[in-house]
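Asker: Just dropping this structure here.
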Amino acid sequence: MANQFFCDGRTRRDFLRVGTAGFLGLNLSMSRLLEAAAKGEIDKSKSDVSFLFIFLKGGLSTIDTFDMKPGAPSEIRGPFNPIRSNVPGTHVCEHIPQTAKVMDKFSLIRSFGHRNAGHGPADHYMFTGYHPAGGFNGGLKPNNQHPSMGSVIANQLGPRGPIPPYVCLPNMHNSGSAAYLGAKAAPFTIEADPSSPGFVVPDLQPPLSVAAARVDDRRALLAKVDRFQKSVEAKANRSTRELGVFSRRAIELMTSRKAKEAFDIHKESPKLRDAYGRTTLGQSCLMARRLVEAGVRCVTVDHSNWDTHYHNFRVLKEDLLPKFDMAIPTLFNDLHDRGLLKKTVVVVTGEFGRTPKINKDAGRDHWSRGFTVAIGGGGIQGGRVIGKSNKWAEEPAENPYGPEDLCATVYHLLGINPQGEMHTPEGRPVMLTNNGRIIKELL
């Protein structure tokens with residue numbers, strides 16, 4: 006998959022990636038789970054709920070899709086027209102007609118916004134619920150950022166069997182890391198495009214030089230090495246200990262039939278694959294559905310490039326929205342038909358929206374003060390519109406919400422107390438959310 010550039014000159018592959026099979030140390034000890042439950046941090050009644058985070062990297066223009074302003078001047082409203090959805094009184098863009106038919110399955114937060122319109126900091130804010138501190142370098146180093154929602158979920162809840170609790174596809178976004186939570190909360194990253202005809206997940210295959218029958222022999226050898234390692238563990242540094250975690254989880258994945266089946270998208274019918282769209286977004290959404298069905302707690306789909314500074318309307322109409330309008334409604338219908346929507350929280354958003362005013366290049370620039378977030382499933386009431394923006398979609402006109410509140414709501418829906426704590430390697434307690442509020446109007 007070719008590198009894709011954003012307006013700040015960075016490419017997808019400029020970003021630090023962890024999360025190959027070697028970075029799968031995802032087991033959460035039973036003592037940690039019992040401790041969390043005893044403190045009221047975990048609601049076991051919601052233990053079957055998963056989270057699917059569809060991140061439209063670059064920033065979806067929600068003024069042209071989910072919060073249109075047909076009465077605004079032409080330099081604000083643009084050439085697109087609104088159409089009715091299947092929810093009375095709710096209108097969306099004419100170029101997402103299939104999405105309009107599933108608006109009853111998710112809700113819109115039209116009074117969403119935050120204070121940073123730079124890609125890196127805004128990404129971090131949306132992924133973690135924490136605005137980056139001074140000295141933030143785009144998240145290239147884990148010690149100057151917070152853990153992503155997926156890593157917090159992995160840390161708090163652990164895996165369901167041999168399947169990783171947190172998966173990123175097709176790549177790990179730079180702000181999707183575990184940061185100071187370390188290997189046990191790091192994502193498994195596919196690092197391959199599910200829309201490719203020969204798609205496989207490299208880290209589920211033993212190296213070509215190692216016959217499958219020899220994997221068990223190497224597991225036995227690893228056990229012997231581990232016994233030696235325990236004798237000197239007190240002297241080992243943190244990274245060395247994590248390396249052992251990486252190795253064990255890699256072997257578990259390579260020898261797990263359930264894991265291999267979950268990642269085998271070729272088992273899906275050609276008809277369903279066509280419905281999702283044979284695109285990176287479409288097949289990533291299909292893969293995400295397979296993964297939550299198999300027991301993955303959090304899946305992040307990182308899709309680019311929604312940074313429409315130039316020819317916003319042509320790019321949306323001819324490229325981005327047709328892909329979106331196949332993948333997203335098919336995902337909601339598929340989850341619903343399989344009985345999975347009630348236990349899968351789905352969030353669709355970018356790091357911000359686009360400027361209300363169209364620029365000289367027929368594009369829209371970065372705009373974080375006001376945009377729309379779509380959220381459904383997992384206890385969310387579909388078909389609702391939460392809050393509203395002002396007359397030109399510049400900022401919330403009422404009930405403003407932000408990344409802290411989105412994180413708090415997601416954690417609550419997964420049975421995690423948003424006011425709970427995580428800890429840095431030095432033992433310093435950090436709240437799971439930065440005083441985020443649960444968006445109760447959604448529930």
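Numbering (my numbering), first residue to last: 6 to 448.
Built from N, CA and C at the ideal position, the CB exists for glycine as well.
(1) Report the partner residues of proline 434 according to the DSSP bridge assignment.
(2) To the nearest angstrom, how far is the alpha carbon of lysine 272 from that of cysteine 12?
(3) For glutamate 431, count neighbouring C-beta atoms within 10 Å of its own C-beta (all shown protein chains included) and say buried if the count is 16 or more, exposed if not.
(4) Closer than 8 Å: is that where the CB of alanine 77 sits relative to any heavy atom of the ligand GDP?
(5) According to DSSP, is aspartate 504 part of a helix, a strand, or is it coil?
(6) Going by beta-carbon coordinates alone, are tryptophan 397 and serine 66 separated by less than 9 Å?
(7) For glutamine 288, count neighbouring C-beta atoms within 10 Å of its own C-beta (all shown protein chains included) and say buried if the count is 16 or more, exposed if not.
(8) Counting along the chain, where does the beta strand (DSSP E) carrying threonine 469 start and finish?
(9) Would you call the stretch 381-393 and the stretch 126-133 touching, i.e. three or more CB-CB distances under 8 Å?
(10) By how many angstroms is the C-alpha of glycine 123 removed from the C-alpha of glutamine 103?
(11) Are at least three pairs of beta-carbons, each pair with one atom in the stretch 149-164 and one in the stretch 175-187, less than 8 Å apart?
(12) I'd like the list of long-range same chain contacts for threonine 305, defined as Cβ closer than 6 Å, with 5 residues on each side in sequence excluded.
(13) Between phenylalanine 329 and alanine 367, what straight-line distance do the alpha-carbon atoms span, to the nearest angstrom?
(14) According to DSSP, is glycine 344 part of a helix, a strand, or is it coil?
(15) Give the range of the beta strand (DSSP E) segment to which cysteine 173 is assigned.
(16) Please list the terminal residues of the continuous alpha helix (DSSP H) segment that includes leucine 162.
(17) Starting from the C-beta of lysine 407, find all residues in its chain whose C-beta is less than 6 Å away, skip the five residues before and the five after it, and write them out in chain order.
(18) Do glutamate 298 and leucine 346 come within 9 Å of each other at the CB atom, strictly closer than that value?
(19) In chain order, what are the residue ranges of uninterrupted alpha helix (DSSP H) at least 4 long that sit wholly in the stretch 49-88?
(20) What residue does the beta strand (DSSP E) around alanine 402 start on, and which one ends it?
(21) Just to confirm the assignment, what range does the alpha helix (DSSP H) spanning phenylalanine 132 have?
Answerer: Quick look at the numbers:
(1) For proline 434, which the question treats as bridged, DSSP gives the partners His428.
(2) 38 Å
(3) Exposed.
(4) Summarising the ligand content, the structure contains no ligands, and the ligand GDP is consequently not present.
(5) With the chain covering 6 to 448 only, the question about residue 504 has no answer from this structure.
(6) Contact: no.
(7) buried
(8) In the structure as shown, the chain starts at 6 and stops at 448, and residue 469 therefore has no counterpart that could be examined.
(9) no
(10) 31 Å
(11) yes
(12) Phe58, Gly155, Cys173, Gly181
(13) Pairing phenylalanine 329 with alanine 367, the inter-Cα distance amounts to about 21 Å.
(14) For glycine 344, the three-state secondary structure derived from DSSP is coil.
(15) 171-174
(16) Unbroken alpha helix (DSSP H) run through leucine 162: 154-162.
(17) Lysine is not the amino acid found at residue 407; the sequence shown has glycine there. Counting only Cβ-Cβ distances below 6 Å, and skipping sequence neighbours, we find His119.
(18) At the C-beta level, leucine 346 and glutamate 298 stay beyond 9 Å of one another.
(19) 79-82
(20) Residues 401-403.
(21) 124-133
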